[in-house]
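K.L.:
Protein chains in written order, with my numbering: chain S, 10 to 268; chain U, 723 to 810.
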Amino acid sequence: MVSRTTDDYLAMVTAGCQTVCEPAFWAGYDRTSADGFFDYFRQLTEYEPKRAAKYGLDHYCWICLNPKEAEDLSLAEEVLKIIPQFLDCPNVLGVGEIGLNKNSRNELKVFERHVDLAARREELILVHTPHLEDKLKGTKLIVDALKADSRINPGRVVIDHVEEHTIELVLDAGFWAGMTLYPESKCTAARAVDMIEKYGNERLWMNSACDWGVSVPLAVPRAALEMRLRGHDLREIDKLVFANPLKFLSQSKKFRSPM
Amino acid sequence: MTRDRVLELYFMEARSKVIDLAAFLDRLDRAGNGKDFRIDALHKALKELQDGKPERAKRVLLSLSDPTTEPLGAATTKAASGAWPGAK
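#1: Taking DSSP as the reference, what is the three-state secondary structure of residue 186 of chain S?
#2: Specify the secondary structure class of residue 123 of chain S as computed by DSSP and reduced to three states.
#3: In chain S, which residues lie with their C-beta within 7 Å of the C-beta of residue 783 of chain U?
#4: Cα separation between residue 35 of chain S and residue 214 of chain S?
#5: Alpha carbon to alpha carbon, what distance is there between residue 773 of chain U and residue 756 of chain U?
#6: In angstroms with no decimal places, state the Cα-to-Cα distance between residue 753 of chain U and residue 120 of chain S.
#7: Inspect the beta-carbon positions of residue 173 of chain S and residue 783 of chain U and report whether they are closer than 7 Å.
#8: Name the chain S residues that come within less than 8 Å of residue 788 of chain U, Cβ to Cβ?
#9: For the beta strand (DSSP E) holding residue 162 of chain S, just list the boundary residues, first then last.
#10: Which partner residues does residue 67 of chain S have in the DSSP bridge list?
#11: Along the chain, where does the beta strand (DSSP E) that runs through residue 765 of chain U open and close?
#12: So which residues of chain U does residue 115 of chain S contact, with C-beta pairs closer than 8 Å?
#13: According to DSSP, what are the bridge partners of residue 137 of chain S?
#14: How many whole angstroms separate the CB atoms of residue 105 of chain S and residue 73 of chain S, which I take to be in contact at a CB cut-off of 8 Å?
#15: Determine, using beta carbons only, whether residue 719 of chain U comes closer than 7 Å to chain S.
#16: How close, in whole Å, do the beta carbons of residue 171 of chain S and residue 155 of chain S come, if the pair is a contact with beta carbons under 8 Å?
#17: For residue 794 of chain U, which beta-bridge partners are listed by DSSP?
#18: Alpha carbons only, please: which of U:760, U:797, U:791, U:809 is nearest the one belonging to residue 803 of chain U?
#19: Mind checking residue 17 of chain S: buried by the 16 CB within 10 Å criterion, or exposed?
#20: DSSP state of residue 74 of chain S, grouped into three classes?
#21: Is there contact here, the region 219–232 of chain S with the region 95–114 of chain S, by at least three beta-carbon pairs under 8 Å?
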């Protein structure tokens, strides 16, 4: 989706959320011009931070052309021209969520163009990996493309939506791994905590899906509860839901710790 | 976490999911016969649960995944179906 509801923001703040990081996403339809992206990027950088602030929530975002709209190369090039001015905005943490959706050649070209932009500007990168049957192949293509660019520091890249069959690919290559939590269909809180127990808690974070399908704004607090029910102590929980994201995001000079 | 605690926290949920799966397959049968790559993939994935070996979740995900390595010529849809149509 392109915006949290007011109820979502209120629930998140009530549950203890301090900061929200919103990646540039697909609007539910393909935008027909770069102007459509320009307007959306204004929403992310101008209006949404003010909306979130009314609830005491710090709002940051990531800017890009989402991989779902990357098949049209000429449109992608137009959008890439307007992205740099938005990367300079005070609430923009970097380039994202770039990546692949159906693992096509054009998607890969547009992904590499975004990576080049991020490398030239030394921006943090947030990567979307494809869903379901496309995730394994897409994650491999993404990791290979990032490793092939010597300018990319894996410690400044988070590869999101990992699951049990892709998490090792990401962590072994030195990247941060994001586990996106869904109430159904993809990674649940229980499975995310399984992965933490198996792979450790370094370079890992959890985030709540904000998708067009069913998603829960309180997914991260619920995952914290899942950890507590399993006997993880408060320090371990804090590392996953607060310290790790803080460590990664603090690599951006624009990010301010809420503490 | 102890084995008892795992059972206490998750057995009922797992039981419910197995029954949901069984009911889904019954529902599908009542809707008529026919082949579908997604159902074939589901039956293949179910075998991963029965061999007593570890990493079942990972192996189920792998069995449902596109194993090819070359990018597609073009994306003709945005959605994923949950199983790879090219599986034999």
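Backbone N, C-alpha and C define an ideal beta-carbon position, used for all residues, glycine too.
P.N.:
If we stick to the structure as given:
#1: If you number the first sequence from 1, residue 186 of chain S lands on position 177. In this structure, residue 186 of chain S counts as strand in the three-state DSSP scheme.
#2: As a working mapping, residue 123 of chain S is identified with position 114 in the first sequence. It is helical.
#3: Taking the second sequence and counting its residues from 1, one reaches residue 783 of chain U at position 61. Ordered by position in chain S, the residues that pass the 7 Å Cβ test against residue 783 of chain U are 172, 173, 174.
#4: Numbered from its first residue, the first sequence carries residue 35 of chain S at position 26. Numbered from its first residue, the first sequence carries residue 214 of chain S at position 205. Cα to Cα, the separation comes out at about 23 Å.
#5: Locating residue 756 of chain U in the second sequence gives position 34, counting from the first residue. Locating residue 773 of chain U in the second sequence gives position 51, counting from the first residue. If I take the Cα positions, the gap works out to 28 Å.
#6: For the purposes of this step, residue 753 of chain U is identified with residue 31 of the second sequence, where counting begins at 1. For the purposes of this step, residue 120 of chain S is identified with residue 111 of the first sequence, where counting begins at 1. Distance between the alpha carbons of residue 753 of chain U and residue 120 of chain S is about 42 Å.
#7: Counting from one through the first sequence, the residue named residue 173 of chain S turns up at place 164. Counting from one through the second sequence, the residue named residue 783 of chain U turns up at place 61. Yes, these two residues count as a Cβ contact at 7 Å.
#8: Locating residue 788 of chain U in the second sequence gives position 66, counting from the first residue. Those within 8 Å of residue 788 of chain U in chain S are 112, 142, 143, 145, 146.
#9: As a working note, residue 162 of chain S is residue 153 in the first sequence. Where residue 162 of chain S is concerned, there is no enclosing beta strand (DSSP E), given that its DSSP letter is neither H nor E.
#10: Counting from one through the first sequence, the residue named residue 67 of chain S turns up at place 58. S:28, per the DSSP bridge assignment.
#11: In the second sequence, residue 765 of chain U corresponds to position 43, counting from 1. Segment 759–769 is the alpha helix (DSSP H) holding residue 765 of chain U; no beta strand (DSSP E) there.
#12: For this step, residue 115 of chain S is matched to residue 106 along the first sequence. Within 8 Å Cβ-Cβ: 796, 797.
#13: Within the first sequence, numbered from 1, the residue matching residue 137 of chain S stands at position 128. S:108, per the DSSP bridge assignment.
#14: The sequence position of residue 105 of chain S within the first sequence is 96, counting from 1. The sequence position of residue 73 of chain S within the first sequence is 64, counting from 1. Rounded, the Cβ-Cβ distance is 6 Å, consistent with contact.
#15: Lying before the first or after the last residue shown, residue 719 of chain U is absent from chain U, which here runs from 723 to 810.
#16: In the first sequence, residue 171 of chain S corresponds to position 162, counting from 1. In the first sequence, residue 155 of chain S corresponds to position 146, counting from 1. No, residue 171 of chain S and residue 155 of chain S are not in contact; Cβ-Cβ is about 14 Å, not under 8 Å.
#17: As a working mapping, residue 794 of chain U is identified with position 72 in the second sequence. Beta-bridge pairing links residue 794 of chain U to S:113.
#18: As a first step, residue 803 of chain U is located in the second sequence; it is residue number 81 there, counting from the start. The shortest C-alpha separation from residue 803 of chain U is found at U:760.
#19: Your numbering for residue 17 of chain S matches position 8 in the first sequence. With 16 or more Cβ atoms within 10 Å of its Cβ, residue 17 of chain S is classed as buried.
#20: Counting from one through the first sequence, the residue named residue 74 of chain S turns up at place 65. Three-state result, residue 74 of chain S: coil.
#21: no
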